[in-house]
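K.L.:
Pasting in a structure now, in structure tokens, and then I'll have a few things to ask.
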Amino acid sequence: MSIDDRPKVAAPDDDPYLWLEEIEGERALAFVAAQNQRTLTAFGDAGFERDRDALAAIFDRPDNIPFVSRRGGLLYNQWKDATHPRGLWRRTTMAEFRNAQPQWDDLLDVDRLAADEGEDWALNWVSSLPPAHQHAMLALSRGGSDAVVLREFDLTTKCFVPGGFTLAEAKGSADWLDADTLLLSSAYGDGMATPSGYARTVRRWRRGQSIAEAHVIFAAENSRSVWVRASVDRSVTPARVWFSEGLDFFNHHLWLGDEAGARTRLDLPTDSWATPHGDWLAIKLRQPWTVGATTHAADVVLGIRLSAFLAGSRDFVRLFEPGPRRALQGLYWAGGRLVLSVLDELRPRFEVWTPSPQGWSYQQLPGVPEIATVDVWPLDTDESESNGDLLANVQDPLTPPSLQLIENFTTPTVLKQAPRTFTADGHVVSRHEAISVDGTSVPYTLTGPAKLSGDAPVHMSAYGGFGYSIRPAYNSALGKLWLERGGTLVEANIRGGGEFGTAWHDAGRFAGKRLAHDDFAAVAADLVRRGVTVPKRIAAQGGSNGGILITNMLVRYPERFGALFCTIPLIDMRRYTRLLAGASWIAEYGDPDKDEDWGWLSTYSAYHMAKPGQAYPPILIATTRRDDRVHPGHARKMTAKLQAMGYDTWFYEPAAGGHGYGTDNRERASFITLGTRFLARHVGLEMG
Numbered sequence: 000m001s002i003d004d005r006p007k008v009a010a011p012d013d014d015p016y017l018w019l020e021e022i023e024g025e026r027a028l029a030f031v032a033a034q035n036q037r038t039l040t041a042f043g044d045a046g047f048e049r050d051r052d053a054l055a056a057i058f059d060r061p062d063n064i065p066f067v068s069r070r071g072g073l074l075y076n077q078w079k080d081a082t083h084p085r086g087l088w089r090r091t092t093m094a095e096f097r098n099a100q101p102q103w104d105d106l107l108d109v110d111r112l113a114a115d116e117g118e119d120w121a122l123n124w125v126s127s128l129p130p131a132h133q134h135a136m137l138a139l140s141r142g143g144s145d146a147v148v149l150r151e152f153d154l155t156t157k158c159f160v161p162g163g164f165t166l167a168e169a170k171g172s173a174d175w176l177d178a179d180t181l182l183l184s185s186a187y188g189d190g191m192a193t194p195s196g197y198a199r200t201v202r203r204w205r206r207g208q209s210i211a212e213a214h215v216i217f218a219a220e221n222s223r224s225v226w227v228r229a230s231v232d233r234s235v236t237p238a239r240v241w242f243s244e245g246l247d248f249f250n251h252h253l254w255l256g257d258e259a260g261a262r263t264r265l266d267l268p269t270d271s272w273a274t275p276h277g278d279w280l281a282i283k284l285r286q287p288w289t290v291g292a293t294t295h296a297a298d299v300v301l302g303i304r305l306s307a308f309l310a311g312s313r314d315f316v317r318l319f320e321p322g323p324r325r326a327l328q329g330l331y332w333a334g335g336r337l338v339l340s341v342l343d344e345l346r347p348r349f350e351v352w353t354p355s356p357q358g359w360s361y362q363q364l365p366g367v368p369e370i371a372t373v374d375v376w377p378l379d380t381d382e383s384e385s386n387g388d389l390l391a392n393v394q395d396p397l398t399p400p401s402l403q404l405i406e407n408f409t410t411p412t413v414l415k416q417a418p419r420t421f422t423a424d425g426h427v428v429s430r431h432e433a434i435s436v437d438g439t440s441v442p443y444t445l446t447g448p449a450k451l452s453g454d455a456p457v458h459m460s461a462y463g464g465f466g467y468s469i470r471p472a473y474n475s476a477l478g479k480l481w482l483e484r485g486g487t488l489v490e491a492n493i494r495g496g497g498e499f500g501t502a503w504h505d506a507g508r509f510a511g512k513r514l515a516h517d518d519f520a521a522v523a524a525d526l527v528r529r530g531v532t533v534p535k536r537i538a539a540q541g542g543s544n545g546g547i548l549i550t551n552m553l554v555r556y557p558e559r560f561g562a563l564f565c566t567i568p569l570i571d572m573r574r575y576t577r578l579l580a581g582a583s584w585i586a587e588y589g590d591p592d593k594d595e596d597w598g599w600l601s602t603y604s605a606y607h608m609a610k611p612g613q614a615y616p617p618i619l620i621a622t623t624r625r626d627d628r629v630h631p632g633h634a635r636k637m638t639a640k641l642q643a644m645g646y647d648t649w650f651y652e653p654a655a656g657g658h659g660y661g662t663d664n665r666e667r668a669s670f671i672t673l674g675t676r677f678l679a680r681h682v683g684l685e686m687g
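Numbered as in numbering that gives the first Met the number 0, the sequence shown ends at 687 without a single skipped number.
This is how it looks when you write it as structure tokens:
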């Protein structure tokens, strides 16, 4: 589609379905109720109930891995099961955790709290103060939303602190400066939110003060900034404070300061990642950076003494060099060492650098399997308490996760093994490459029967945005509901992700988002070319940014799919910046209020590209009412428009779930089962 052929649209406020953006509007809720009833009547049969219950039981298994983090020498865990659907916050010792059935010290029963207070509480996050960790700020969410209520909790008495710190619902975070002082980054209060709905200021909040008395010590300088944040760095004494101002999703200013505010802005490219520890600083570049006579390439990692950098030195040591298909995924400090997470031809690598007065020494983390999806992260929540212990999660599509402990950067030992939740006999995992419209090679992973049938029921998924990398993992839900019944799974590494570095992300960003969608369609075509299946038996699912992907398959490549499942989606690219956190994503998509940007946005705004009389496949569009990140209006409006055009379109919107599929395991099971059975019915996978 050329720019001249792009959809001609009226002003945003002329949208005939604007009323569906009123989240709690009476007419909008009546639409939702009628749509939910229609969908559940059609697909919520006895088979749905059986599969939902089976999936909920898998999610609630007592032998699932309890993932932990360490605070003050104790291991903390948030656990959900059938008895505690909203969650149980608890702790134990490492010695006890090594046992097959550890004993736990329960701190907070979220279900009991919700019942006592008549609120739909979920526990989002916790911030506690080292080394004692006596008091913590708990972030309680209603229905799984990003906005939270903050309340101070005493870990000794296991009660909320009478007269302690409390803050009404808002998006934001808090870090402890000392036992009586918080650094609050919150959108709560007049003038405290950015256009994206996140914190515009950092306030120093002393015990005994009202929130109105809390002193603003840092504020966004740019009126269009996305957020500001503060974090307390205890790797030095006295602790220092880092402030950052998010100029957009990928660019920020970083400041060094203290409890009085920001003092020194670091002279760094705004799109770099800077990770300090003690007197050391690691910097990951996103674009080339010329310093003096030296140009450092995009995606390299540089190391330097922080004191030397602040004094003007730019005598960096290069700690990481990227390759065409070798890219950094993340970096962090643990026990005074810098850990680099790398994908090399999609194989996991973990490199460790140790700084000293004599320079930087290198080692590769041993014992990491090549043919697996591996995540490694610090065991301790605060680097100031870290002795270097790491945790690893190792899995692949047919092998359930194992939680492993890496002590002193040596070979991992298994702490916990997740149960097998589906039968995988006769299945294999293989990697392939499809050729996209411009000749680019697009990897994808196929999991299914070893022998190709030629008409396999295929479930495809991808994401393709924000530099987020997709790696094949053990999926209990699709394993049980799809693979075990003879289906095949495909995950595509389309452009826009971070699998191959900045260039791969940028190629699927702005106008390139359309190419990312072409990549996905190319994978569908490759499955047919290779004799795996036929188009009418290909189902595709995507969520959030992947909602743009799925609706583009609907309007641009309908002949390649038999059914589509679009979840918590972004769809209307004309109005997305006006809805909830949408303005924060301009750096990924563009600004629809600029003619040049609308020139490309219009080519993948499926809400505007949809037209009657086409051979669109059946689609189920699902969102949640408590999603305060991607507005539920996207899903509602697309449903209404497609149905008005006469298409086979279905809708589902539970009340809770936030930007996810549910706040408890049963809600998640319902959401997933409904979508999976919808796809299965339309592509001919026998579900029973």
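Glycine is no exception: its CB is placed at the ideal position from the N, C-alpha and C atoms. Bear in mind that the values here come from a model prediction, so they are computed numbers and not experimental data.
Less than 8 Å separating the beta-carbons of A609 and V554?
P.N.:
In the sequence shown, the residue the question calls residue 609 occupies position 610. In the sequence shown, the residue the question calls residue 554 occupies position 555. Yes, Cβ-Cβ distance for A609 and V554 is below 8 Å.
K.L.:
How many angstroms separate the CA atom of S185 from the CA atom of A213?
P.N.:
As a position in the sequence shown, residue 185 is number 186, starting the count at 1. As a position in the sequence shown, residue 213 is number 214, starting the count at 1. Taking the straight line joining both Cα atoms gives about 12 Å.
K.L.:
Can you find a heavy atom of the ligand ATP that lies under 7 Å from the Cβ of K283?
P.N.:
In the structure shown, the ligand ATP is absent, as is every other ligand, since no ligand is present at all.
K.L.:
Compare the C-alpha of P456 against each of S669, V160, L514 and L488 and name the closest.
P.N.:
To locate residue 456, count along the sequence shown from 1; it is residue 457. That would be L488, whose Cα lies nearest to the Cα of P456.
K.L.:
Quick one: is A131 buried, meaning 16 or more other Cβ sit within 10 Å of its Cβ, or exposed?
P.N.:
Along the sequence shown, one-based indexing puts residue 131 at 132. When all chains shown are included, A131 counts as exposed.
K.L.:
Report yes if the CB atom of I567 is closer than 8 Å to the CB atom of G542, and no otherwise.
P.N.:
Indexing the sequence shown from 1 puts residue 567 at position 568. Indexing the sequence shown from 1 puts residue 542 at position 543. Against a cut-off of 8 Å, the Cβ pair of G542 and I567 comes out as a contact.
K.L.:
Taking just the CA atoms, how far does F242 sit from W272?
P.N.:
Residue mapping note: residue 272 aligns to position 273 of the sequence shown, counting from 1. Residue mapping note: residue 242 aligns to position 243 of the sequence shown, counting from 1. Roughly 13 Å between the two C-alpha positions.
K.L.:
In chain order, what residues of the same chain lie with their CB nearer than 8 Å to the CB of Q286, ignoring the 5 residues before and after it?
P.N.:
On the sequence shown, residue 286 is found 287 positions in, with the first residue counted as 1. Within the same chain, Q286 has close Cβ partners P268, D270, A297 and T501.
K.L.:
Using C-beta distances below 6 Å, list every residue in its chain close to L404, excluding the 5 sequence neighbours before and after it, in chain order.
P.N.:
Numbered from its first residue, the sequence shown carries residue 404 at position 405. Excluding sequence neighbours, L404 sits near T412 and L414.
K.L.:
Apart from the five residues on each side of it in sequence, which residues of its chain come closer than 8 Å, Cβ to Cβ, to E558?
P.N.:
Position 559 of the sequence shown, counted from the first residue, corresponds to residue 558. Counting only Cβ-Cβ distances below 8 Å, and skipping sequence neighbours, we find P534 and A614.
K.L.:
Around the Cβ of E652, are there at least 16 other Cβ atoms within 10 angstroms (buried) or fewer (exposed)?
P.N.:
Mapped onto the sequence shown, residue 652 falls at position 653. The residue in question, E652, is buried, as its Cβ has 16 or more Cβ neighbours within 10 Å.
K.L.:
Given D454, which residues of its chain have a CB within under 8 Å of its CB, disregarding the five upstream and five downstream residues?
P.N.:
Sequence index remark: in the sequence shown, residue 454 carries index 455 (1-based). Closer than 8 Å at the Cβ level, and outside the excluded window around D454, lie T532, V533 and R536.
K.L.:
Helix, strand or coil: which one does DSSP assign to A131?
P.N.:
Walking along the sequence shown from the start, residue 131 turns up at place 132. The answer is coil: DSSP assigns A131 none of H, G, I, E or B.
K.L.:
Which runs of the alpha helix (DSSP H) fall wholly inside the stretch 411-465 and span at least 4 residues, in chain order?
P.N.:
Correct list: empty.
K.L.:
Using C-beta distances below 6 Å, list every residue in its chain close to R325, excluding the 5 sequence neighbours before and after it, in chain order.
P.N.:
Residue mapping note: residue 325 aligns to position 326 of the sequence shown, counting from 1. Cβ within range, chain order: D343.
K.L.:
Indicate the three-state DSSP secondary structure (helix, strand or coil) for T672 in the structure shown.
P.N.:
For the purposes of this step, residue 672 is taken as the residue at position 673 of the sequence shown. Here T672 sits in helix by DSSP.
K.L.:
DSSP three-state label for R484, please.
P.N.:
Taking the sequence shown and counting its residues from 1, one reaches residue 484 at position 485. It is helical.
K.L.:
Which value, in whole angstroms, describes the spacing of the CA atoms of E498 and Q102?
P.N.:
For the purposes of this step, residue 498 is taken as residue 499 along the sequence shown, with counting starting at 1. For the purposes of this step, residue 102 is taken as residue 103 along the sequence shown, with counting starting at 1. Cα to Cα, E498 sits roughly 40 Å from Q102.
K.L.:
Determine the direct distance from the alpha carbon of D626 to that of S452, and round the result to whole angstroms.
P.N.:
Here residue 452 refers to the residue found at position 453 of the sequence shown. Here residue 626 refers to the residue found at position 627 of the sequence shown. Cα-Cα distance, rounded: 40 Å.
K.L.:
May I ask you to list the residues that DSSP assigns as paired with E244?
P.N.:
By 1-based counting over the sequence shown, the position of residue 244 is 245. Answer is V227 and H252, bridged to E244.
K.L.:
May I have a chain-ordered list of the alpha helix (DSSP H) segments no shorter than 4 residues that lie completely inside the stretch 281-351?
P.N.:
You should have 305-309.
K.L.:
How far does the beta strand (DSSP E) with A539 in it extend, from its first residue to its last?
P.N.:
Taking the sequence shown and counting its residues from 1, the one referred to as residue 539 is at position 540. Its beta strand (DSSP E) spans residues I537 to G542.
K.L.:
Can you give me the start and stop residues for the beta strand (DSSP E) that G187 sits inside?
P.N.:
As a first step, residue 187 is located in the sequence shown; it is residue number 188 there, counting from the start. The question names Gly, but residue 187 in the sequence shown is Tyr. No beta strand (DSSP E) contains Y187, which DSSP labels as neither H nor E.
K.L.:
Checking 8 Å against the spacing of the C-beta atoms, do Q394 and Y462 come in under that value?
P.N.:
Taking the sequence shown and counting its residues from 1, one reaches residue 394 at position 395. Taking the sequence shown and counting its residues from 1, one reaches residue 462 at position 463. Not in contact: Q394 and Y462 (Cβ atoms no closer than 8 Å).
K.L.:
Quick one, are the C-beta atoms of H276 and G329 less than 8 Å apart?
P.N.:
The residue you call residue 276 lines up with position 277 of the sequence shown. The residue you call residue 329 lines up with position 330 of the sequence shown. Cβ distance not < 8 Å, so H276 and G329 don't count as in contact.
K.L.:
Which runs of the alpha helix (DSSP H) at least 4 residues long sit entirely within the stretch 35-66? Give them in chain order.
P.N.:
Qualifying alpha helix (DSSP H) stretches, in chain order: 45-58.
K.L.:
Does N474 come out as helix, strand or coil in the three-state DSSP assignment?
P.N.:
Working through the sequence shown from its first residue, we reach residue 474 at position 475. Three-state DSSP puts N474 in coil, outside helix and strand.
K.L.:
Could you tell me the boundaries of the alpha helix (DSSP H) in which I585 lies?
P.N.:
Translated into positions along the sequence shown, residue 585 becomes position 586. Per DSSP, I585 belongs to the alpha helix (DSSP H) from I585 to Y588.
K.L.:
Am I right that A433 and V441 are in contact with their C-beta atoms under 8 Å? What's the rounded C-beta distance?
P.N.:
Start at 1 with the first residue of the sequence shown, and residue 433 comes out as number 434. Start at 1 with the first residue of the sequence shown, and residue 441 comes out as number 442. That pair is a contact at about 5 Å.
K.L.:
Which parts of the stretch 575-643 are runs of the beta strand (DSSP E), unbroken and 3 residues or longer, counting only runs that do not cross its ends?
P.N.:
Here the runs fully enclosed are 618-621.
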